[in-house]
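These protein sequence lines map, in sequence, to chains C and G.
Throughout the first sequence, residue numbering follows the working numbering, covering -10 to 138 in sequence.
Throughout the second sequence, residue numbering follows the working numbering, covering -10 to 138 in sequence.
Just so you know, even glycine gets a beta-carbon here, dropped at the ideal spot from N, CA and C.
There are 2 protein chains.
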Amino acid sequence: MAGSDKIVPNMVQNKDIVAHLSQRGYRITPQRLMILNAINGARGHISAEEIYESICQNYPGLNISTVYRTLELLKEIGLVTETDMGDGRVRFHSAGHEHHHHLVCSVCGRVIDLDEEMLTPLTTTLKEKYGFCADLQHMAIFGRCKSCG
Amino acid sequence: MAGSDKIVPNMVQNKDIVAHLSQRGYRITPQRLMILNAINGARGHISAEEIYESICQNYPGLNISTVYRTLELLKEIGLVTETDMGDGRVRFHSAGHEHHHHLVCSVCGRVIDLDEEMLTPLTTTLKEKYGFCADLQHMAIFGRCKSCG
DNA sequence: TTATTAATTGCAAAACGCTTGCAATAAGTG
DNA sequence: CACTTATTGCAAGCGTTTTGCAATTAATAA
Chain C
-10 MAGSDKIVPN
0 MVQNKDIVAH
10 LSQRGYRITP
20 QRLMILNAIN
30 GARGHISAEE
40 IYESICQNYP
50 GLNISTVYRT
60 LELLKEIGLV
70 TETDMGDGRV
80 RFHSAGHEHH
90 HHLVCSVCGR
100 VIDLDEEMLT
110 PLTTTLKEKY
120 GFCADLQHMA
130 IFGRCKSCG
Chain G
-10 MAGSDKIVPN
0 MVQNKDIVAH
10 LSQRGYRITP
20 QRLMILNAIN
30 GARGHISAEE
40 IYESICQNYP
50 GLNISTVYRT
60 LELLKEIGLV
70 TETDMGDGRV
80 RFHSAGHEHH
90 HHLVCSVCGR
100 VIDLDEEMLT
110 PLTTTLKEKY
120 GFCADLQHMA
130 IFGRCKSCG
C-alpha cells in the first residue's frame, strides 16, 4: 500500500493519476496528489472537510477551496465517486474500490459496505417497470444495524 | 379532504394533530397548523422554503425559522418524514402518504414516485444477509428517467 | 374573566457546506 | 531559461439551516 513515489511522504503510486490528468491537459500538483492520496488512504467515504484537515496536519498551506475544486475535477475524470450519506455533507471515495453502496445506521452511525450485486435485482426491476436507469454508484440506505436492531 | 375545522381557510382535520401535540405538552399554534396543512396539501415532497412561501401568501408574518423549528418538531413526533433528494435542500411530506420512494432524474430533475412494494425484495435481502433493518421511508434513487435515457 | 407562566415566535445574526472572482503562483513546454 | 496558462490561495459570497434572545401568546389555574 505504501507508495514509492515519495513526492510527499506516504504518497501512493501515481502512474495512473498522472496519465489521467496530463493526457487531458491537467497539471500534476502536490495538492492534487495529496488530496487523491487522502481519499485512497481513507479506505472508505471521506468528506471534503476531513480531506482538508488530514492534509493540513502536514501541509498547512492547503486551502479548502482547492479541495473542492480538485474533488470536482477527480469526479469528472472518474477517479473518485461522490455519495450523499444524508448528514448534510457529501462524501467521496476512490472509484477503484468496490462496495459502492452503504448501509447507514441512523442510531450508531455505523456504515456497512454493501456488495454491488445486492442491488442488481432492484436495478433490473426499475428499468423494466419504469424505464428508469438507476445510477447506484451514489447509494446510501438508512436504517438500523444488527446491533441497534 | 377539505377540513371542517376552519381555524384558517382550507385547514385539514386537526384532531390527530392536536392530540399528538397537546398530549406531549406542545402547543397548538396557527403557524404549526398552517405548516402541517401546507405539507398535507402539497401531495408530495416539499421544501422548507416552499412551505414558507406558500403560507406567506396568506400570512406574511410567518418566519422561516418557525418553519424549520416546526418541521423539526413534526419529524420528532412522526407526523412528517424527511427525504434528501440530493439537490442541496431537504424535502418533507406527510408521514401518512403512500409512495415514500422516489426516482430522481439527474438530467431533467423529474421525480417519479415509486411503489412501496418495489423495494420489499431489497429490504428482505438486507435483513437476511446483513441483519440490517432498512428504513426506506427516506429513500431517493438517482439516475436517468425514460426520456433522458 | 383575568392572571400566570412557560412554550413559541420573530428577528437578527451566525453557522454551515460549498462556490466564485481575481491576482499571484507555478507546472509544463520549447 | 522564458513563456504560457492552469492552478492556487485568499476573501468574499451563496443558499440552506440553526441559534440566542426578547417579545408574544397558548394553555392553565384562579
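Quick one: does G:Gly98 have its CB under 8 Å from some CB of chain C?
As a working mapping, residue 98 of chain G is identified with position 109 in the second sequence. Closer than 8 Å: no.
On the DSSP bridge assignment, give the partners of G:Ala8 in chain order.
Within the second sequence, the letter at position 19 stands for residue 8 of chain G. Beta-bridge pairing links G:Ala8 to no other residue.
Is DSSP giving C:Gly132 helix, strand or coil here?
For the purposes of this step, residue 132 of chain C is taken as residue 143 along the first sequence, with counting starting at 1. If DSSP states are grouped into helix, strand and coil, C:Gly132 belongs with the strands.
Measure the alpha-carbon distance for G:Leu25 versus G:Leu92 and round it to whole angstroms.
Stepping through the second sequence from its first residue, residue 25 of chain G is reached at position 36. Stepping through the second sequence from its first residue, residue 92 of chain G is reached at position 103. Their backbone Cα atoms lie some 25 Å apart in a straight line.
Expressed to the nearest angstrom, what Euclidean distance is found between the alpha-carbon atoms of C:Arg32 and C:Cys134?
Locating residue 32 of chain C in the first sequence gives position 43, counting from the first residue. Locating residue 134 of chain C in the first sequence gives position 145, counting from the first residue. Taking the straight line joining both Cα atoms gives about 21 Å.
Relative to chain C, which residues along the segment 34 to 49 of chain G have a C-beta separation below 7 Å, given in chain order?
none
With 8 Å as the threshold, decide whether the Cβ of G:Tyr119 is near any Cβ in chain C.
Start at 1 with the first residue of the second sequence, and residue 119 of chain G comes out as number 130. Yes, contact with chain C.
DSSP-derived helix/strand/coil call for G:Cys137:
Numbered from its first residue, the second sequence carries residue 137 of chain G at position 148. Correct three-state label for G:Cys137: coil.
Taking 8 Å as the threshold, find out whether the segment 107 to 121 of chain G comes into contact with the segment 96 to 112 of chain C through three or more Cβ pairs.
Cβ pair count under 8 Å is three or more, so yes.
Helix, strand or coil at G:Val96 according to DSSP, with G and I counted as helix
One-based indexing of the second sequence puts residue 96 of chain G at position 107. Here G:Val96 sits in coil by DSSP.
Shorter than 8 Å from the beta carbon of G:Lys64 to some beta carbon of chain C?
Here the question's residue 64 of chain G lines up with position 75 in the second sequence. No, G:Lys64 lies away from the interface with chain C (no Cβ there is under 8 Å from its Cβ).
G:Ile130 at chain C interface by Cβ criterion, 8 Å
Working through the second sequence from its first residue, we reach residue 130 of chain G at position 141. Judged by the 8 Å Cβ criterion, G:Ile130 is in contact with chain C.
Report the neighbours of C:Arg133 on chain G: residues whose CB is nearer than 9 Å to its CB, in chain order.
Along the first sequence, one-based indexing puts residue 133 of chain C at 144. The contacting residues are Phe121, Cys122, Ala123 and Asp124.
Nearest to C:Leu10 by CA position, among C:Thr55, C:Gly67, C:Ile53 and C:Met128, is which residue?
Reading the first sequence from its first residue, position 21 is the one you call residue 10 of chain C. Relative to the Cα of C:Leu10, the nearest Cα in the group C:Thr55, C:Gly67, C:Ile53 and C:Met128 belongs to C:Gly67.
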